[in-house]
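Residue numbers (the UniProt record's numbering): 1 to 259.
Structure first, commentary second.
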Amino acid sequence: MGKLKKKHYEKLLEPMEEELVSMARWARVTGARICVIFEGRDTAGKGGAIRAVSQRLNPRQCRVVALSKPNETERTQWYFQRYVAHLPAAGEIVLFDRSWYNRAGVEQVMGFADDQQVASFLDEAPRFERMLVDDGILLCKYWLTTDQENQEERLAERLEDPLKRWKLSPIDLAAREKYDAYTEAREAMLEATHNDHAPWTLVDFNDQKRGRLTLVRDLLDRLPDTHIEPEPLEFPELGRAPRQESYTVLDPISNYPVD
(Lines of atoms letter the chains of each structure in order from A and count residues from 1; the text may use other names and numbers.)
(Lines give C-alpha, C1' and ligand atoms only; values in the text may rest on other atoms or scores of the structure.)
Protein backbone atom coordinates (compact mmCIF):
# COMPACT_ATOMS: atom_id res chain seq x y z
CA MET A 1 0.00 0.00 0.00
CA GLY A 2 1.64 3.23 -1.16
CA LYS A 3 1.67 6.38 0.93
CA LEU A 4 -1.21 8.75 0.42
CA LYS A 5 -0.57 11.72 -1.86
CA LYS A 6 -1.15 15.23 -0.55
CA LYS A 7 -4.00 16.16 -2.94
CA HIS A 8 -5.83 12.89 -2.28
CA TYR A 9 -5.35 13.37 1.47
CA GLU A 10 -6.73 16.91 1.39
CA LYS A 11 -9.75 15.79 -0.65
CA LEU A 12 -10.53 13.04 1.87
CA LEU A 13 -9.98 15.31 4.87
CA GLU A 14 -12.20 18.17 3.67
CA PRO A 15 -15.61 16.59 4.48
CA MET A 16 -14.28 15.55 7.89
CA GLU A 17 -13.20 19.14 8.53
CA GLU A 18 -16.79 20.18 7.98
CA GLU A 19 -17.83 17.59 10.55
CA LEU A 20 -15.21 18.93 12.98
CA VAL A 21 -16.59 22.46 12.58
CA SER A 22 -20.08 21.12 13.27
CA MET A 23 -18.71 19.21 16.28
CA ALA A 24 -17.26 22.43 17.68
CA ARG A 25 -20.60 24.18 17.15
CA TRP A 26 -22.33 21.29 18.95
CA ALA A 27 -19.91 21.55 21.86
CA ARG A 28 -20.54 25.28 22.17
CA VAL A 29 -24.34 24.86 22.06
CA THR A 30 -24.52 21.89 24.41
CA GLY A 31 -21.67 22.84 26.76
CA ALA A 32 -19.86 19.58 26.06
CA ARG A 33 -16.27 19.29 27.30
CA ILE A 34 -13.96 17.40 24.96
CA CYS A 35 -10.45 16.33 25.94
CA VAL A 36 -8.22 14.48 23.46
CA ILE A 37 -4.82 13.06 24.39
CA PHE A 38 -2.14 12.57 21.71
CA GLU A 39 0.72 10.31 22.73
CA GLY A 40 3.24 8.32 20.71
CA ARG A 41 6.84 7.89 19.71
CA ASP A 42 8.99 10.85 18.72
CA THR A 43 8.37 11.74 15.04
CA ALA A 44 5.15 9.71 14.94
CA GLY A 45 3.22 12.80 13.86
CA LYS A 46 1.40 14.18 16.90
CA GLY A 47 1.72 17.77 15.71
CA GLY A 48 0.27 17.02 12.29
CA ALA A 49 -2.59 15.02 13.81
CA ILE A 50 -3.40 17.88 16.17
CA ARG A 51 -3.39 20.35 13.27
CA ALA A 52 -5.72 18.07 11.31
CA VAL A 53 -8.23 18.30 14.16
CA SER A 54 -7.77 21.96 15.06
CA GLN A 55 -6.82 23.93 11.96
CA ARG A 56 -10.42 24.83 10.97
CA LEU A 57 -11.63 25.48 14.51
CA ASN A 58 -11.80 28.70 16.51
CA PRO A 59 -8.59 28.80 18.60
CA ARG A 60 -10.51 30.49 21.40
CA GLN A 61 -12.63 27.35 21.67
CA CYS A 62 -10.12 24.66 20.71
CA ARG A 63 -6.91 24.86 22.76
CA VAL A 64 -3.69 22.91 22.28
CA VAL A 65 -1.82 22.15 25.51
CA ALA A 66 1.87 21.25 25.26
CA LEU A 67 3.44 21.63 28.68
CA SER A 68 7.17 21.96 29.19
CA LYS A 69 9.01 20.05 31.91
CA PRO A 70 7.75 20.87 35.43
CA ASN A 71 9.38 23.70 37.34
CA GLU A 72 10.66 23.43 40.93
CA THR A 73 7.24 24.21 42.43
CA GLU A 74 5.39 21.81 40.15
CA ARG A 75 7.76 18.99 41.09
CA THR A 76 6.47 19.25 44.67
CA GLN A 77 2.79 19.10 43.67
CA TRP A 78 0.46 16.17 43.16
CA TYR A 79 1.55 14.82 39.80
CA PHE A 80 -1.76 15.49 38.01
CA GLN A 81 -2.17 18.98 39.48
CA ARG A 82 -0.64 21.03 36.68
CA TYR A 83 -2.74 19.22 34.08
CA VAL A 84 -6.04 19.87 35.86
CA ALA A 85 -5.76 23.62 35.20
CA HIS A 86 -5.85 22.94 31.46
CA LEU A 87 -8.92 20.68 31.34
CA PRO A 88 -11.82 21.93 29.20
CA ALA A 89 -14.61 24.14 30.49
CA ALA A 90 -18.11 24.01 29.00
CA GLY A 91 -18.02 24.23 25.21
CA GLU A 92 -14.25 23.80 24.99
CA ILE A 93 -12.07 21.31 23.14
CA VAL A 94 -8.61 20.66 24.59
CA LEU A 95 -5.95 18.73 22.67
CA PHE A 96 -3.03 17.52 24.79
CA ASP A 97 0.23 17.29 22.84
CA ARG A 98 1.58 14.75 25.31
CA SER A 99 -0.11 14.62 28.66
CA TRP A 100 0.11 13.15 32.14
CA TYR A 101 1.23 9.97 30.38
CA ASN A 102 4.71 11.48 30.13
CA ARG A 103 5.34 9.72 33.42
CA ALA A 104 4.72 6.28 31.90
CA GLY A 105 6.71 7.11 28.75
CA VAL A 106 9.63 9.47 28.40
CA GLU A 107 10.04 10.07 32.16
CA GLN A 108 10.27 6.36 32.84
CA VAL A 109 12.44 5.40 29.87
CA MET A 110 14.86 8.32 30.18
CA GLY A 111 15.19 7.95 33.95
CA PHE A 112 13.36 11.13 35.00
CA ALA A 113 10.98 9.12 37.23
CA ASP A 114 11.84 6.17 39.46
CA ASP A 115 10.03 2.83 39.58
CA GLN A 116 7.89 3.83 42.56
CA GLN A 117 6.73 7.03 40.88
CA VAL A 118 5.81 5.15 37.72
CA ALA A 119 3.97 2.44 39.68
CA SER A 120 2.02 5.08 41.62
CA PHE A 121 1.10 6.82 38.38
CA LEU A 122 -0.15 3.64 36.74
CA ASP A 123 -2.28 2.96 39.80
CA GLU A 124 -3.69 6.49 40.04
CA ALA A 125 -4.26 7.34 36.36
CA PRO A 126 -7.40 5.17 35.91
CA ARG A 127 -8.93 6.67 39.06
CA PHE A 128 -8.05 10.20 37.96
CA GLU A 129 -9.63 9.59 34.55
CA ARG A 130 -12.68 7.99 36.13
CA MET A 131 -13.29 11.26 37.96
CA LEU A 132 -13.00 13.21 34.71
CA VAL A 133 -15.38 10.94 32.82
CA ASP A 134 -17.87 10.75 35.71
CA ASP A 135 -17.93 14.54 35.77
CA GLY A 136 -18.97 14.55 32.10
CA ILE A 137 -15.70 15.16 30.23
CA LEU A 138 -15.54 13.33 26.90
CA LEU A 139 -12.03 11.82 27.06
CA CYS A 140 -10.30 10.25 24.06
CA LYS A 141 -6.77 8.80 24.26
CA TYR A 142 -4.69 8.14 21.14
CA TRP A 143 -1.28 6.51 20.81
CA LEU A 144 0.42 7.09 17.43
CA THR A 145 2.62 4.21 16.31
CA THR A 146 5.52 4.15 13.85
CA ASP A 147 8.20 1.60 12.94
CA GLN A 148 11.80 2.49 13.75
CA GLU A 149 12.76 2.65 10.07
CA ASN A 150 10.31 5.53 9.59
CA GLN A 151 11.42 7.12 12.84
CA GLU A 152 15.03 7.10 11.64
CA GLU A 153 14.06 8.71 8.32
CA ARG A 154 12.10 11.45 10.06
CA LEU A 155 14.87 12.18 12.56
CA ALA A 156 17.36 12.51 9.72
CA GLU A 157 14.97 14.80 7.86
CA ARG A 158 14.71 17.04 10.92
CA LEU A 159 18.48 17.22 11.15
CA GLU A 160 18.85 18.23 7.51
CA ASP A 161 15.84 20.55 7.12
CA PRO A 162 16.40 24.03 8.67
CA LEU A 163 12.63 24.47 8.98
CA LYS A 164 12.34 21.29 11.08
CA ARG A 165 15.63 21.46 12.97
CA TRP A 166 13.90 22.97 16.02
CA LYS A 167 11.98 19.72 16.46
CA LEU A 168 15.17 17.77 17.15
CA SER A 169 16.52 17.60 20.70
CA PRO A 170 19.23 15.60 22.48
CA ILE A 171 16.46 13.55 24.13
CA ASP A 172 15.10 12.63 20.69
CA LEU A 173 18.53 11.38 19.63
CA ALA A 174 19.06 9.49 22.89
CA ALA A 175 15.66 7.81 22.44
CA ARG A 176 16.90 6.15 19.23
CA GLU A 177 18.69 3.56 21.34
CA LYS A 178 15.60 2.94 23.49
CA TYR A 179 13.01 1.93 20.90
CA ASP A 180 12.42 -1.43 22.62
CA ALA A 181 12.30 0.21 26.06
CA TYR A 182 9.56 2.55 24.83
CA THR A 183 7.67 -0.45 23.49
CA GLU A 184 7.85 -2.18 26.88
CA ALA A 185 6.79 1.01 28.70
CA ARG A 186 3.85 1.47 26.35
CA GLU A 187 2.64 -2.08 26.80
CA ALA A 188 2.81 -1.77 30.59
CA MET A 189 0.93 1.53 30.37
CA LEU A 190 -1.80 0.01 28.18
CA GLU A 191 -2.13 -2.95 30.52
CA ALA A 192 -2.70 -0.64 33.49
CA THR A 193 -4.72 2.21 31.94
CA HIS A 194 -6.80 0.79 29.06
CA ASN A 195 -10.30 0.28 30.41
CA ASP A 196 -13.97 0.74 29.55
CA HIS A 197 -14.32 4.27 30.88
CA ALA A 198 -11.12 5.62 29.29
CA PRO A 199 -9.90 3.25 26.55
CA TRP A 200 -6.80 3.73 24.45
CA THR A 201 -6.86 3.73 20.65
CA LEU A 202 -3.67 2.91 18.74
CA VAL A 203 -3.35 4.44 15.27
CA ASP A 204 -0.79 3.40 12.64
CA PHE A 205 1.19 6.51 11.65
CA ASN A 206 3.75 4.88 9.38
CA ASP A 207 1.86 6.84 6.70
CA GLN A 208 1.14 10.07 8.55
CA LYS A 209 -1.55 11.34 6.18
CA ARG A 210 -3.45 8.07 6.32
CA GLY A 211 -2.98 8.05 10.10
CA ARG A 212 -4.51 11.54 10.43
CA LEU A 213 -7.57 10.49 8.44
CA THR A 214 -7.94 7.37 10.58
CA LEU A 215 -7.66 9.32 13.82
CA VAL A 216 -10.03 12.13 12.83
CA ARG A 217 -12.64 9.66 11.60
CA ASP A 218 -12.40 7.65 14.81
CA LEU A 219 -12.66 10.78 16.97
CA LEU A 220 -15.80 11.95 15.16
CA ASP A 221 -17.35 8.49 15.39
CA ARG A 222 -16.75 8.34 19.16
CA LEU A 223 -18.87 11.41 19.81
CA PRO A 224 -22.66 11.59 19.79
CA ASP A 225 -24.40 12.95 16.69
CA THR A 226 -22.90 16.41 16.63
CA HIS A 227 -24.53 17.79 13.48
CA ILE A 228 -25.97 21.21 14.17
CA GLU A 229 -26.79 23.66 11.41
CA PRO A 230 -25.23 27.11 11.82
CA GLU A 231 -27.50 29.83 13.07
CA PRO A 232 -29.08 31.76 10.18
CA LEU A 233 -27.63 35.20 9.60
CA GLU A 234 -29.02 37.92 7.38
CA PHE A 235 -26.60 39.57 4.94
CA PRO A 236 -28.41 42.67 3.73
CA GLU A 237 -27.33 44.80 0.80
CA LEU A 238 -24.69 47.39 1.72
CA GLY A 239 -26.85 50.13 0.23
CA ARG A 240 -23.97 52.11 -1.27
CA ALA A 241 -20.80 51.69 -3.29
CA PRO A 242 -18.01 49.92 -1.35
CA ARG A 243 -15.40 52.30 0.07
CA GLN A 244 -11.70 52.21 -0.64
CA GLU A 245 -9.17 52.57 2.15
CA SER A 246 -8.02 56.14 2.81
CA TYR A 247 -5.14 57.35 5.00
CA THR A 248 -4.29 60.64 6.69
CA VAL A 249 -1.57 59.68 9.18
CA LEU A 250 0.36 56.74 7.72
CA ASP A 251 0.40 54.93 4.38
CA PRO A 252 0.86 51.15 4.05
CA ILE A 253 4.40 49.96 3.41
CA SER A 254 5.37 48.91 -0.13
CA ASN A 255 4.04 45.59 -1.33
CA TYR A 256 6.40 42.65 -1.41
CA PRO A 257 7.92 42.46 -4.91
CA VAL A 258 6.62 39.48 -6.87
CA ASP A 259 7.94 38.68 -10.35
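Using N, Cα and C, we set each Cβ at its ideal position, and we do this for glycine too.
Query                                                                                                                        : Result
Inter-stretch contact (C-beta, 8 Å, three-pair minimum) for the stretch 1-10 and the stretch 195-204                         : no
Own chain residues within Cβ distance below 6 Å of residue 239, not counting five before or after                            : none
Classification of residue 233 by the beta-carbon crowding that lies within 10 angstroms, buried from 16 upward               : exposed
Alpha-carbon to alpha-carbon, residue 114 and residue 16                                                                     : 42 Å
C-alpha gap between residue 62 and residue 52, whole angstroms                                                               : 12 Å
Pair within 8 Å by beta-carbon distance, residue 138 and residue 20                                                          : no
Own chain partners of residue 130 with C-beta closer than 8 Å, once the 5 adjacent residues on each side are dropped         : 197, 198
In chain order, each beta strand (DSSP E) run of at least 3 residues that lies wholly inside the stretch 112-162             : 138-145
Simplified DSSP assignment, three categories, for residue 63                                                                 : strand
Neighbourhood of residue 175 by C-beta distance below 6 Å, restricted to the same chain and skipping five residues each side : 42
Cβ-based neighbour list, residue 164, same chain, cut-off 8 Å, excluding 5 preceding and 5 following                         : 157, 158
Cβ pair count under 8 Å reaching 3, the stretch 95-106 against the stretch 31-50                                             : yes
Beta-bridge partners of residue 235, as assigned by DSSP                                                                     : According to DSSP, residue 235 bridges with nothing at all.
For residue 97: DSSP bridge partner residues                                                                                 : 38
Which of helix, strand or coil DSSP assigns to residue 221                                                                   : helix
Test item: CB-CB of residue 220 and residue 23 under 8 Å                                                                     : yes
Nearest-angstrom Cα separation, counted from residue 145 out to residue 86                                                   : 26 Å
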